[in-house]
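Q: Protein chains in written order, with this note's numbering: chain A, 12 to 343; chain B, 12 to 343.
The structure's right below; bear with me while I get my questions together.
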């Protein structure tokens with residue numbers, strides 16, 4: 012298996028992506044960096060990193076945050092992101108990891124790697140670490156959704172959780188503003204009907220915000236607007252609480268001593284709630300695995316995203332997704 | 012001033028509502044309970060509570076969770092909620108507090124107390140305690156919204172924060188899935204334009220989920236679906252974090268001792284983040300203050316909601332809201 016990493020994606024690139032690529036070699040697979048060879052080599056040299064075990068797929072530019080997403084298809088087709096996606100599409104690799112701009116990665120992946128036949132829109136998802144890991148899908152790819160898209164997200168999410176995370180019969184919930192099936196906007200009301208009548212879907216009904224992190228479901232279906240707001244609200248709530256906790260620990264000598272005792276397990280708890288520790292955000296619904304790593308990814312996050320890509324590819328979840336949508340097409 | 016409390020609203024009624032009413036007498040205003048006189052009196056007697064200082068507005072039934080919302084206007088018009096709203100509308104009181112079913116209270120308040128002239132839809136809001144208090148509006152009254160409703164929420168929220176919470180020139184943010192003005196669904200894109208071009212509104216642009224609790228704005232404008240999901244997601248995230256913290260404290264003898272030192276300030280921190288400690292959820296856009304107390308309100312929460320009602324009524328925010336919409340009508 013060969014995994015490509017976008018050398019120039021993310022705030023800490025290329026140093027942390029190179030380090031992450033080197034760390035990821037432990038997985039025993041071939042790792043390639045796509046990027047500007049001269050830049051990669053001089054960064055490695057300056058930091059005394061031996062990159063002889065990494066392959067390099069040459070590119071000539073970088074997708075920047077301020078670039079329009081569609082540039083990845085045109086004037087920046089030769090960027091590290093564009094070149095990586097093309098290498099993936101042409102069969103030179105099995106998966107692609109990038110911490111570059113989300114919009115460009117979504118557009119590039121959709122147009123270059125292409126969708127699984129029958130999939131209307133690829134979705135961005137995140138495994139939220141709560142009482143049990145739960146996949147929030149979509150969390151930002153499609154702000155505006157139709158009910159049948161939410162049904163597709165449910166099926167894609169189910170296969171991901173089953174194959175990659177190992178949940179046997181994932182419980183699928185619809186994020187809503189109440190438990191009753193009449194709740195929500197027209198989108199949720201219609202989607203509820205589709206989800207409830209779908210054969211073979213372990214549909215658990217509506218899930219309210221309060222239960223999202225408390226283990227109510229394994230797959231949380233939402234439109235990309237709502238999913239994005241949820242994901243970032245959880246981040247903000249955690250930041251606020253850990254910030255307050257820190258203030259409290261530094262209050263006086265007694266609290267400082269007490270905090271010192273608790274520090275290691277507190278760090279462990281904080282890490283257990285940090286979804287970036289689990290890898291990146293998978294983009295599902297594409298012909299091949301593409302993972303969006305967090306923009307602030309360090310070497311460890313990049314390495315975790317590569318491991319996630321390997322697990323995804325090895326799991327056969329991609330083939331299962333294709334089968335699900337192929338059999339659907341036959342039914343129509 | 013006379014404040015009415017729905018004696019039978021909430022999971023802990025009538026005992027906690029009666030206790031809350033008694034505690035609220037400290038504010039120096041007249042407090043009336045609306046409910047079934049016999050039930051109120053026997054509950055007070057059984058618990059040795061002297062309720063002679065409270066007034067009672069008689070009702071003959073109770074709005075239950077499973078009742079349809081519109082029952083408050085028809086077969087349950089004589090319920091404690093229905094009777095309380097009518098007494099408020101007819102001028103017998105200045106504000107109404109209920110921990111009863113939200114849907115019924117919204118419908119009853121809208122139809123009986125009536126909207127401020129020019130207001131399309133009343134909104135339910137909550138003051139979120141984060142880095143600074145921020146009013147989330149709407150958090151559940153209107154799942155489906157039009158852009159002009161969001162503009163109205165912004166104005167209502169501004170007057171509430173200015174009058175009741177004392178924020179001089181409230182910064183208004185639009186909850187969105189990105190900072191750029193092109194972000195969101197059609198609703199946010201259109202609402203952004205309305206908010207940006209509104210004279211006299213201190214519009215701070217889009218607010219992402221991450222910044223909601225981190226003090227980005229004083230008024231957070233959202234449709235009721237999104238607002239509800241945010242509010243409950245924050246509740247769930249806090250429940251998860253405090254639960255994990257508790258586990259961590261009980262790990263071993265050393266952690267238990269350390270936790271004992273931190274316990275008082277931790278309790279204080281938890282309380283500072285618990286929005287129910289600040290009172291209830293104001294329903295704004297009505298001719299008179301109506302406050303939805305949390306369904307699980309205890310005596311303290313009821314008392315806090317009454318204090319909030321008194322502050323609201325005294326602040327003149329209601330008159331200001333009416334002026335804002337009256338002058339608007341003139342412009343049309």
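Backbone N, C-alpha and C fix where the C-beta goes; we use that ideal spot for every residue, glycine too.
Hey, out of A:147, A:252, A:55 and A:190, whose CA is closest to residue 234 (chain A)'s CA?
A: The shortest C-alpha separation from residue 234 (chain A) is found at A:147.
Q: Return yes when the Cβ of residue 232 (chain B) is within less than 7 Å of the Cβ of residue 336 (chain B), no when it is not.
A: The answer is no: Cβ separation not under 7 Å.
Q: Going by the beta-carbon positions, is the gap between residue 17 (chain A) and residue 92 (chain A) smaller than 7 Å?
A: yes
Q: Counting only the same chain and skipping the five closest in sequence on each side, list residues whose C-beta sits under 7 Å from that of residue 140 (chain A).
A: The residues 283, 284, 286 and 289, in chain order, have a CB closer than 7 Å to that of residue 140 (chain A) in the same chain once the five nearest residues on each side in sequence are set aside.
Q: Quick one, which residues of the region 140-163 of chain B are near chain A if we go by CB-CB under 8 Å, in chain order?
A: 141, 142, 151, 154 and 155
Q: Does the distance from the C-beta atom of residue 167 (chain A) to that of residue 295 (chain A) stay below 7 Å?
A: yes
Q: Note down, in chain order, all residues in the region 207-228 of chain A with a beta-carbon under 8 Å from any beta-carbon belonging to chain B.
A: 219, 220, 221, 222, 223, 224 and 225
Q: Any contact between the region 249-267 of chain A and the region 192-209 of chain B? By contact I mean 3 or more CB pairs, one from each, below 8 Å.
A: no
Q: Taking the Cβ atom as the reference point for each residue, do residue 87 (chain A) and residue 72 (chain A) lie within a distance shorter than 7 Å?
A: yes
Q: Which word fits residue 300 (chain B), buried or exposed, when buried means at least 16 other C-beta atoms lie within 10 angstroms of its C-beta?
A: buried
Q: Would DSSP call residue 241 (chain A) helix, strand or coil?
A: Secondary structure of residue 241 (chain A) (DSSP, three-state): helix.
Q: Given this structure, state the Cα-to-Cα distance separating residue 268 (chain B) from residue 64 (chain A), to the nearest angstrom.
A: 51 Å
Q: Please return the same chain residues whose Cβ sits closer than 7 Å to the Cβ of residue 38 (chain A), not counting the five positions on each side in sequence.
A: Excluding sequence neighbours, residue 38 (chain A) sits near 317, 318 and 321.
Q: Can you pull the chain A residues whose beta carbon is under 8 Å from the beta carbon of residue 183 (chain B), in chain order?
A: Per Cβ cutoff of 8 Å: no residues; residue 183 (chain B) is ~17 Å from chain A at best.
Q: For residue 229 (chain B), is the classification buried or exposed, using 16 other Cβ atoms within 10 angstroms of its Cβ as the cut-off for buried?
A: buried
Q: Within the 7 Å Cβ cut-off, does residue 343 (chain B) reach chain A?
A: Because residue 343 (chain B) sits at a pLDDT of 43, beneath the cut-off of 50, its placement in the model cannot be relied upon, and the point is left open.
Q: Please name the residue in A:220, A:154, A:208 and A:178 whose C-alpha comes closest to that of residue 186 (chain A).
A: A:220
Q: Indicate whether at least one CB of chain B lies closer than 7 Å to the CB of residue 93 (chain A).
A: no
Q: Since residue 287 (chain A) sits in a beta bridge, which residues does DSSP pair it with?
A: In DSSP, residue 287 (chain A) forms no bridge with anything.
Q: Give a yes or no on whether the minimum CB-CB distance between residue 257 (chain B) and chain A is below 7 Å.
A: no
Q: When the Cα of residue 172 (chain B) is compared with those of B:213, B:67 and B:116, which residue comes out closest?
A: Per the Cα distances, B:213.
Q: Is the shortest distance between the beta-carbon of residue 337 (chain A) and the beta-carbons of chain B less than 7 Å?
A: no
Q: So, do the region 322-336 of chain A and the region 17-35 of chain B have three or more beta carbon pairs nearer to each other than 8 Å?
A: no
Q: According to DSSP, is residue 181 (chain B) part of a helix, a strand, or is it coil?
A: Under the three-state reduction of DSSP, residue 181 (chain B) is assigned to coil, being neither helix nor strand.
Q: Enumerate in chain order the residues of its own chain whose CB-to-CB distance from residue 55 (chain B) is below 8 Å, with the five nearest sequence positions on each side excluded.
A: 29, 61 and 62
Q: Drop a sphere of 10 angstroms on the beta-carbon of residue 264 (chain B), count the other beta-carbons inside from all chains shown, and report buried for 16 or more, exposed for fewer.
A: exposed
Q: Would residue 227 (chain B) pass as a contact of residue 184 (chain B) if the rule is Cβ separation under 7 Å?
A: The answer is yes: Cβ separation under 7 Å.
Q: Within the 7 Å Cβ cut-off, does residue 131 (chain B) reach chain A?
A: Taking CB atoms only, residue 131 (chain B) has no neighbour in chain A less than 7 Å away.
Q: Under the three-state reduction of DSSP, which class applies to residue 156 (chain A): helix, strand or coil?
A: Judged by DSSP in its simplified three-state form, residue 156 (chain A) adopts coil rather than helix or strand.
Q: Check the DSSP bridge columns for residue 17 (chain A) and list the partner residues they point to.
A: Looking at the DSSP output, residue 17 (chain A) bridges to A:45.
Q: Within the continuous alpha helix (DSSP H) that includes residue 317 (chain A), where are the two ends?
A: 310-326
Q: Which class does residue 30 (chain B) belong to by DSSP, given the choice of helix, strand or coil?
A: helix
Q: What is the DSSP secondary structure of residue 339 (chain B), counted as helix, strand or coil?
A: helix
Q: Can residue 273 (chain A) and residue 90 (chain B) be called in contact, C-beta distance under 7 Å?
A: no
Q: Looking only at its chain, what residues have a beta carbon closer than 6 Å to the beta carbon of residue 192 (chain A), apart from the 5 residues adjacent to it on each side?
A: 203
Q: Candidates B:327, B:196, B:161 and B:310: which alpha carbon is nearest residue 35 (chain B)'s?
A: Selected option, being the one with the closest Cα: B:310.
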